[in-house]
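Chains as they are written, first to last, in this note's numbering: chain P, 1 to 119; chain W, 1001 to 1119. For every residue, glycine included, the Cβ atom is placed at its ideal position computed from N, Cα and C. Everything below concerns the one structure shown next.
Number of protein chains: 2
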Amino acid sequence: MDEIDELMCAEPGSHEDVVGKVRESLPDDDTLYELADLFKMFGDSTRMKIMFVLMESEMCVCDIAELLGISQSAISHQLRILKQSKLISSRREGKNIVCFLADDHVRSIIDQGLSHVLE
Amino acid sequence: MDEIDELMCAEPGSHEDVVGKVRESLPDDDTLYELADLFKMFGDSTRMKIMFVLMESEMCVCDIAELLGISQSAISHQLRILKQSKLISSRREGKNIVCFLADDHVRSIIDQGLSHVLE
DNA sequence: CTTTCATATGAGCAATTATTCATATGTTCA
DNA sequence: TGAACATATGAATAATTGCTCATATGAAAG
């Protein structure tokens, strides 16, 4: 606490009330970390590509790998991570594992990102 | 090309047309990388906290550092990255640099993420 | 049951990245 | 002009992470 105080700008008064109010409005730490972890999923181009593909159609693992020109192993590792984040689900269909988006938010999050990127 | 073909599942025919159509619908690589880079900004808890703070109020660097309990240097490094991504801007005001969100998409992207995290 | 095909997984490596520490820059105020 | 303050920056380090390679699992078809 003492050390943190030393970081404050010298400016007395006027900033303090704003800082206090903003501090109260922040989500709790758990939520913040969950949120960052969620966006981390969208922050890798391989995972981004996988999600884009699955926005168009559900698809088995080997088709995803072939379509994207990425090794089966790499795809599988990323799929595991995406499933842990509940963004993707899968079902078995004969010999194949068919993957699909598990959450509608994926679409809306990507769309928001796209509208930023495309100016 | 030959090696990629070997990744395909043996299954003939039926998958091929879907794979082909999806491939055409994918954004170009530049867009995909830009998009992943954008979301990478939201994928770190320090940057996430900074953006949350600035969603509530513009604020100078030292107040952000004090409020979040993170060193001034760490904040400054992250602010530089956020500015490069055009998510945050700043202006000088006396001795202070006042930071603020540069893009309305920040709010909508975070809101979409929140509604996923909060079930 | 044995082989084959689709997928998963673990270890190891290389690359990226967030932080700290020390210091530089630039502004204000005496 | 000089001292004090706010911010920026560079180098070094530690931690995280995405990929490859080899191999394991597990369903299916003969």
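Quiz item: Does W/A1102 come within less than 8 Å of chain P when only Cβ atoms are used?
Solution: With a threshold of 8 Å between beta carbons, W/A1102 makes no contact with chain P.
Practice problem: With a threshold of 16 other CB atoms inside 10 Å of the CB of W/H1116, please say whether the residue is buried or exposed. | Solution: With 16 or more other Cβ atoms within 10 Å, it is buried.
Quiz item: Among the residues of its own chain, which have a CB less than 8 Å from the CB of W/K1049, if the five just before and after it don't count?
Solution: Taken in chain order, the residues that qualify are L1068 and I1070.
Self-check item: For W/V1106 and W/M1051, believed in contact at Cβ under 8 Å, the rounded distance
Solution: The Cβ separation is near 6 Å, so the contact holds.
Quiz prompt | Stretch-stretch touch, CB-based, cutoff 8 Å, three pairs: the stretch 1074-1091 of chain W with the stretch 1033-1050 of chain W | solution = Three or more pairs of CB atoms, one per stretch, sit closer than 8 Å, so the stretch 1074-1091 of chain W contacts the stretch 1033-1050 of chain W.
Practice problem: Round the Cβ separation of W/I1123 and P/G113 to the nearest angstrom and send it over; I've been treating them as touching at under 8 Å. | Solution: Residue 1123 of chain W is absent from the model: chain W starts at 1001 and stops at 1119.
Practice problem: Can you say whether W/E1034 is buried or exposed, counting buried as having 16 or more other CB atoms within 10 angstroms of its CB? | Solution: By the neighbour-count criterion, in which 16 or more other beta carbons inside 10 Å mark a residue as buried, W/E1034 falls on the buried side.
Self-check item: W/T1046 to W/A1065 span [Cα, whole Å]
Solution: A straight line joining the alpha-carbon of W/T1046 with that of W/A1065 spans about 10 Å.
Self-check item: Ranges of the beta strand (DSSP E) found wholly within the stretch 1023-1108 of chain W, counting only runs of at least 3
Solution: Runs found: 1088-1093 and 1096-1101.
Quiz prompt | CA-to-CA distance, W/D1029 to W/S1076, given in whole angstroms | solution = Taking C-alpha positions only, W/S1076 is separated from W/D1029 by approximately 31 Å.
Quiz item: Taking 8 Å as the CB-CB limit, is P/V18 close to chain W?
Solution: Judged by the 8 Å Cβ criterion, P/V18 is in contact with chain W.
Quiz prompt | Contacts that P/H77 makes with chain W (C-beta to C-beta distance below 8 Å) | solution = Residues of chain W passing the Cβ test: none, with the nearest at roughly 15 Å.
Quiz item: For W/D1056 versus P/S89, is the C-beta spacing smaller than 8 Å?
Solution: The amino acid occupying residue 1056 of chain W in the given sequence is Glu; Asp does not appear at that position. No, the Cβ-Cβ distance between W/E1056 and P/S89 is not below 8 Å.
Self-check item: Contact set between the stretch 17-37 of chain P and chain W, restricted to residues whose Cβ is under 8 Å from the partner
Solution: For the stretch 17-37 of chain P, which is checked against every Cβ of chain W, the residues closer than 8 Å are V18, V19, K21, V22, R23, S25, L26, P27, T31, L32, Y33, E34, L35, A36 and D37.
Quiz item: To which residues of the same chain is W/A1102 closer than 7 Å at the C-beta, ignoring the five residues directly before and after it?
Solution: These residues qualify, in order along the chain: K1086, L1087, I1088 and S1089.
Quiz item: If you drop the 5 nearest sequence neighbours on each side, which residues of the same chain put their C-beta closer than 6 Å to that of P/L118?
Solution: No residues qualify anywhere along the chain.
Exercise. With DSSP collapsed to three states, give me the class of P/D5.
Key: Low confidence applies to P/D5: its pLDDT is 39, below 50, so where it sits in the model is not reliable, and the reading given next is rough at best. Helix at P/D5.
Exercise. Can you grab the Cα-Cα spacing for the pair W/N1096 / W/L1054, in whole Å?
Key: If you take the alpha carbons of W/N1096 and W/L1054, they lie about 15 Å apart.
Quiz item: Buried or exposed: P/A36, going by 16 or more other Cβ atoms within 10 Å of its Cβ?
Solution: Taking every protein chain shown into account, the CB of P/A36 has 16 or more other CB atoms within 10 angstroms, so this residue is buried.
Exercise. Output, in chain order, the set of chain W residues within a Cβ distance shorter than 7 Å of P/M48.
Key: Taking a Cβ-Cβ threshold of 7 Å, the residues of chain W close to P/M48 are L1032, L1035 and A1036, in chain order.
Quiz prompt | Residues near P/R23 in its chain [Cβ-Cβ closer than 8 Å; skip 5 each side] | solution = If we look at P/R23 and ignore the five residues flanking it on each side, it has no Cβ neighbours.
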